[in-house]
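The structure appears below as structure tokens.
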Amino acid sequence: MKSTVGLVMMLVAMGAFFISAFWADSVLMGISIVLFLIGLIFYFVYNRSVDVDDCDASIHIETLTERAELHVEDEWKKRDKMKGSDAFSAPDDPQH
Numbered sequence: 020m021k022s023t024v025g026l027v028m029m030l031v032a033m034g035a036f037f038i039s040a041f042w043a044d045s046v047l048m049g050i051s052i053v054l055f056l057i058g059l060i061f062y063f064v065y066n067r068s069v070d071v072d073d074c075d076a077s078i079h080i081e082t083l084t085e086r087a088e089l090h091v092e093d094e095w096k097k098r099d100k101m102k103g104s105d106a107f108s109a110p111d112d113p114q115h
């Protein structure tokens, strides 16, 4: 979203630049060039920070997934141990 602000800034600056060229107004032309450069900086800086945030989020999700898988494996091992110790108890399926 913030990179869109930079993109809009650049588009507005380009429009102001063409208007200033038509009017031959050097002050407006200078302002539009500065606005364009600020928009360019916004666009690239925020795009880079969004990519880093996405990467961090995917690593975090991957870590959580691995933890969940390990937890499930531990639960299955506990269940298997419980079944092994309950060999002489009644079966789980009441129909047999």
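The opening residue of the sequence shown carries number 20 in my numbering; numbering runs sequentially from there.
Glycine residues also receive a C-beta, built at the ideal position from the N, C-alpha and C atoms.
Here M28 is buried: its Cβ has 16 or more other Cβ atoms, across all protein chains shown, within 10 Å.
The beta-carbon distance between A35 and I50, rounded to whole angstroms, is 7 Å. This is short enough to meet the 8 Å contact definition. In this structure, M33 lies near F55, with their beta-carbon atoms less than 8 Å apart. The C-alpha of V31 lies about 17 Å from the C-alpha of F63. When rounded, the separation of the alpha-carbon atoms in T82 and K96 is 21 Å.
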